[in-house]
Structure formats: C-alpha cells, structure tokens
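Undergrad: Residue numbers (the numbering used here): 297 to 483. The C-beta atom is built at its ideal place from N, Cα and C for all residues, glycine as well. The model shown is predicted, which means the values in this text are computed figures rather than measured ones. Before we start, here is the structure in question, set down as structure tokens.
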Amino acid sequence: LTLQPDGRVSVDMGAPAFDLPKVPFDAAGLTPLNINGWATWPLELTADGQRSTVLAAVVSMGNPHAVQIVDSVDTAPVLVWGPQIENYPRFVRRVNAGFMQIVSRSEVRLRVYERGAGETLACGTGACAAVVAGIRLGLLDAHVDVHTHGGLLHIEWQGTADRLDAPVFLSGPATQVFEGEIDLPRN
C-alpha cells in the first residue's frame, strides 16, 4: 500500500490466476473461442425472453470474475444478466460479472455485478480483472484508466504470454462513502 503525492492510494493486488480450477470454472464440454491465444467461454443467458450467448473472459484476482466486452455500459443489461452470470452453474462458487466498454487502448468504462452484493459503485478486483482480460485479449495496453460509477481507477499490469504471474497494481482515491451506527442486542 503506497500513498501517492496526489492523495491517491496504490495497491499491489497480486497476480491474476487463469487456471480454471483455481477460479473455479467448470469448462467440461464447452468449446472456447480463442482470441489472441486466450480462451473465452460461451455463456447462455436470457433477457426479455430472448436467449443470447455472451463470451466471458474468466480470471481470478483472489476472487472469481467473468468479464465481457459490451458496446456501452449505459445500455448493457447489467441488472438482468448480472444475476444470471453470478449464479451460472459452471461457476462453482458463483462469480463477479464485469461489463467492460473499451473507449481506447488506455481507457475503459466498467460496471460490476458482485456476487452476493449486486451492482456496486466500484470494484477494485473487478477493475483489475477487466484490464487483465483486455490486455490478454490484445485490446488494451499496460496502463489503463477505468471509469466506474464510483470514480476513476488506474490499473497497471505488465503481464505477457510469458509472464502471466506479474502483479496487478491498482491506484485510486480512498474516500469515505458511508458512515453509520448499528445497535447490537446484548445477551
């Protein structure tokens, strides 16, 4: 954890994991679509009575993520597909669903539907997973600004096909978003 001169905080988030049993993701019987030498996986979803197949890049940042590329995060069916992806049977322990819009090779917009929580304002591991997926797919560079509803994050990953174990670095503001009190019953 490093406090930057501009007040942002930088964190070494560790290395991503791509081994499917470590995610965990059960790919038995599925045929992946390889993009830039990396497997993306077809997921069958339903929205408004229409079946759709989406391609998900599967990666773990200590927790499981399924990242899909969308044309626009504003129109992506996050609240419809998010719960379906979260509970998709091939994700043994459920999964965080990332919806990434690529603006340029160094900028994306992201919405994340977190397992057990629903859509969140921002997700640090989700931002890391999305950028790592974008880099592996050949769509992003090593330094990427990630716009979320909660603010701007910066992700850096120097990973390559020969160096997948490179750590991911996340930088962004550390701000208080909630304060509250709760009364607990005394026994």
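Excluding the 5 residues flanking G358 on each side, which residues of the same chain have their C-beta closer than 7 Å to its C-beta?
TA: On the sequence shown, position 62 is the one that residue 358 refers to. Closer than 7 Å at Cβ, skipping near neighbours: G310 and T421.
Undergrad: Just to confirm the assignment, what range does the alpha helix (DSSP H) spanning L329 have?
TA: Residue numbering aside, residue 329 sits at position 33 when the sequence shown is read from its first letter. L329 -> not in any alpha helix (DSSP H); beta strand (DSSP E) instead, spanning L329 to I331.
Undergrad: Tell me the residue span of the beta strand (DSSP E) that contains L417.
TA: Residue mapping note: residue 417 aligns to position 121 of the sequence shown, counting from 1. Counting along the chain, L417 falls outside any beta strand (DSSP E), and DSSP gives it neither H nor E.
Undergrad: Measure the alpha-carbon distance for L299 versus F465 and round it to whole angstroms.
TA: Here the question's residue 299 lines up with position 3 in the sequence shown. Here the question's residue 465 lines up with position 169 in the sequence shown. Cα to Cα, the separation comes out at about 13 Å.
Undergrad: Taking only three categories from DSSP, how would you classify G358?
TA: On the sequence shown, position 62 is the one that residue 358 refers to. Coil at G358, not helix or strand.
Undergrad: Is the CB-CB distance between G394 and A362 below 8 Å?
TA: Here residue 394 is taken as the residue at index 98 of the sequence shown, counted from 1. Here residue 362 is taken as the residue at index 66 of the sequence shown, counted from 1. Yes. Within cutoff.
Undergrad: Pull up the CB-CB distance for R488 and H443, whole angstroms please, since I reckon it's below 8 Å.
TA: With the chain covering only 297 through 483, there is no way to say anything about residue 488.
Undergrad: Please report the straight-line C-alpha distance between R407 and R482, rounded to a whole angstrom.
TA: Along the sequence shown, one-based indexing puts residue 407 at 111. Along the sequence shown, one-based indexing puts residue 482 at 186. Straight-line Cα distance between these residues: approximately 40 Å.
Undergrad: Per DSSP, which one or two residues make a beta bridge with E410?
TA: Within the sequence shown, numbered from 1, the residue matching residue 410 stands at position 114. Its beta-bridge partners are G414.
Undergrad: Starting from E382, trace the alpha helix (DSSP H) both ways and give me its first and last residue.
TA: Along the sequence shown, one-based indexing puts residue 382 at 86. Element bounds for E382: V374 to E382.
Undergrad: If P312 and V355 are in contact, beta carbons under 8 Å, what's the gap, nearest whole angstrom?
TA: To locate residue 312, count along the sequence shown from 1; it is residue 16. To locate residue 355, count along the sequence shown from 1; it is residue 59. That pair is a contact at about 5 Å.
Undergrad: Using DSSP with H/G/I as helix, E/B as strand and the rest coil, what is G394?
TA: Stepping through the sequence shown from its first residue, residue 394 is reached at position 98. G394 falls in the strand class under three-state DSSP.
Undergrad: Could you tell me which residues DSSP pairs with P338 in its beta bridges?
TA: Locating residue 338 in the sequence shown gives position 42, where the first residue counts as 1. Note: P338 sits in a beta bridge opposite L351.
Undergrad: Out of F321, G455 and I451, state which residue places its alpha-carbon closest to the alpha-carbon of W337.
TA: Here residue 337 refers to the residue found at position 41 when the sequence shown is read from its first residue. Ranking the options by Cα distance to W337, first place goes to F321.
Undergrad: Between P469, R389 and I398, which lies nearest to D370 when the distance is taken from Cα to Cα?
TA: Taking the first residue of the sequence shown as 1, we reach residue 370 at position 74. With distances taken between Cα atoms, D370 lies closest to I398.
Undergrad: Could you check whether N332 and L433 sit closer than 8 Å to each other, using their CB atoms as the reference points?
TA: As a first step, residue 433 must be located in the sequence shown, where it is residue number 137. As a first step, residue 332 must be located in the sequence shown, where it is residue number 36. Yes, the Cβ-Cβ distance between L433 and N332 is below 8 Å.
Undergrad: With DSSP as the reference, label G303 as helix, strand or coil.
TA: Counting from 1 along the sequence shown, the entry for residue 303 is found at position 7. Three-state DSSP puts G303 in coil, outside helix and strand.
Undergrad: CA-CA distance, E410 and I381?
TA: The residue you call residue 410 lines up with position 114 of the sequence shown. The residue you call residue 381 lines up with position 85 of the sequence shown. Their backbone Cα atoms lie some 10 Å apart in a straight line.
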